[in-house]
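Student: Residues in the sequence shown are numbered consecutively from 1, following UniProt numbering. Backbone N, C-alpha and C fix where the C-beta goes; we use that ideal spot for every residue, glycine too. Sharing a structure, written as structure tokens. Questions coming.
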Amino acid sequence: IRVRPLTCTETRRGDRQVVHSLGDGTVHVSAARHDATFGFSAVFDAGASQEAVFEGSGMRQLVELAIDGFSCTVFAFGQTGSGKTYTLMGPLAQSETRAAAPGLLGLMQRSFACLLEQSRSRSSDLALSASYLEIYNEQVRDLLSPGPPCALPLRWSKTRGFYVENQLSVDFESLEAIADLLLQGSQRRRTSAHALNRHSSRSHALLTIHVRSRAAGQSINPPPPTWVPQPSACPSKQGTLCFVDLAGSERVKETGSSGELSVEANNINRSLLALGHCISLLAKPRGKRTHIPYRDSKLTRLLARSLGGSGITLMVACISPSSRCLSETLSTLHYASRARRVTTRP
Ligand code: ADP
Ligand code: MG
């Protein structure tokens, strides 16, 4: 759980702080008719730095697991304006002219640095590539391919599960190159201004890093003709590290959205509802589980493996401490508590 500080606007209009971190992974919500304590693996309060979130959330381990060949996913979810994009990317996405101070970089840039550092220090040789998609109004679009955004088909196959056809994947070898891809892609992402957030993301964005590693000693050159594969030889591995910045849940009444904006909001809310539904069903004990409706939205199809399959997933629930956001905050905390009960089989 990450609790952001009260914003200037919230402080100015005299909002009260109703969320308090009690230490030991517990967070307390106290308001007139609500008094509840929730427990999580980690809680970061308003004073927590971006670095503390990276180190304390298990993100570093997730990067290492991706190098070891696992499918790893990190999600940020929560009400619009609660700090999801800030947690993942830092304030960088908000200002295109000025680069963010290094201390403010988010989980993504820190993970990229960690990944490239590891790839240099390990004896294996890593091949890295990235793809970047958004789901906008139930359409999947490529954020890296040039030209106006066009919808890509989402397909299913027995071997691959759900996948996006014709998705661009770009190789990279340096921190500058991947930071550049992130910036290019985020600038093409659909955002609109509304009453709660001047740069509200109107789409769900998924950046996936593909990590292919080959153990030391396994040459890229073809083996000699007499070469026989040794069972003890370390096989090559393919892992992924996926960052999901969900569009925020919102109540149309509060954001003052109308027309096109409210169509967007309904699509966002519908896919978040589908995600919530899948998570509730996945949280039931395996024996009592019914069919999981991944097909209900593009978002849940793309996340099927991360949610209940063979992936390892970190969910960061972002909340505002303000008294005005109380009901959204409680619903995010309930959602997160359910998500915590889901187990996958990596
Ligand atoms: P979301 O992506 O959830 O809609 P944002 O990440 O855009 O929300 O955050 C909304 C505003 O709050 C931004 O101006 C952002 O800079 C600020 N903010 C969010 N989290 C923090 C934080 N932990 N510390 C300081 N400012 C924050
Ligand atoms: Mg955002």
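1. Compare the beta carbon distance of G276 and Y335 with 8 Å and say whether it is the shorter of the two.
2. In chain order, what are the residue ranges of uninterrupted beta strand (DSSP E) at least 3 long that sit wholly in the region 14–69?
3. Less than 8 Å between C-beta atoms, sequence neighbours within five positions excluded: which residues of the same chain meet that for D296?
4. Between I312, A265 and A130, which lies nearest to Q61 when the distance is taken from Cα to Cα?
5. If you follow the beta strand (DSSP E) that R212 is part of, which residue opens it and which one closes it?
6. For S129, write down the residues that DSSP places opposite it in a beta bridge.
7. My output table needs one value for V244: the three-state DSSP class, helix, strand or coil.
8. V263: buried (16+ other C-beta within 10 angstroms of its C-beta) or exposed?
9. Suppose contacts are defined by Cβ-Cβ distances below 8 Å. Is S111 in contact with M59 by that definition?
10. Confirm the yes/no value for this check: CB of K284, any heavy atom of the ligand MG, distance under 7 Å.
11. Can you tell me whether R13 is buried or exposed, with buried defined as 16 or more other CB within 10 angstroms of its CB?
12. Mind checking T80: buried by the 16 CB within 10 Å criterion, or exposed?
13. For A93 and G103, I'd like the C-alpha separation in whole angstroms.
14. Can you find a heavy atom of the ligand ADP that lies under 7 Å from the Cβ of residue 352?
15. Let me check you understand the geometry: is the CB of D296 closer than 7 Å to at least one non-hydrogen atom of the ligand MG?
16. With respect to the beta strand (DSSP E) encompassing C318, which residues constitute its N-terminal and C-terminal limits?
17. Which residues mark the beginning and the end of the beta strand (DSSP E) in which G161 is found?
Tutor: So, from the data block:
1. For G276 and Y335, yes; Cβs fall inside 8 Å.
2. Scanning the region 14–69 for uninterrupted beta strand (DSSP E) segments of 3 residues or longer gives 19–23, 26–31 and 34–39, listed from N- to C-terminal end.
3. Only A274, H277 and C278 meet the Cβ criterion.
4. The residue with the shortest Cα to Cα distance from Q61 is I312.
5. Where R212 is concerned, the enclosing beta strand (DSSP E) stretches over H204 to R214.
6. As a beta-bridge residue in DSSP terms, S129 pairs with D171 and H210.
7. Here V244 sits in strand by DSSP.
8. With fewer than 16 Cβ atoms within 10 Å of its Cβ, V263 is classed as exposed.
9. Remark: C-beta atoms of S111 and M59 approach each other more closely than 8 Å.
10. The answer is no for K284.
11. Exposed is the call here.
12. When all chains shown are included, T80 counts as buried.
13. Here A93 scores only 48 on pLDDT, less than 50, and its place in the model should not be relied on; the value that follows carries that caveat. As the crow flies, the alpha-carbon of A93 is around 15 Å from that of G103.
14. No answer is possible for residue 352: the residues shown for the chain start at 1 and end at 346.
15. At a threshold of 7 Å, D296 does not count as near the ligand MG, since its beta carbon sits no closer than that to any of the ligand's heavy atoms.
16. Annotation: the continuous beta strand (DSSP E) that includes C318 extends over I312 to I319.
17. Taken as a continuous stretch (DSSP letters only), the beta strand (DSSP E) holding G161 covers G161 to V164.
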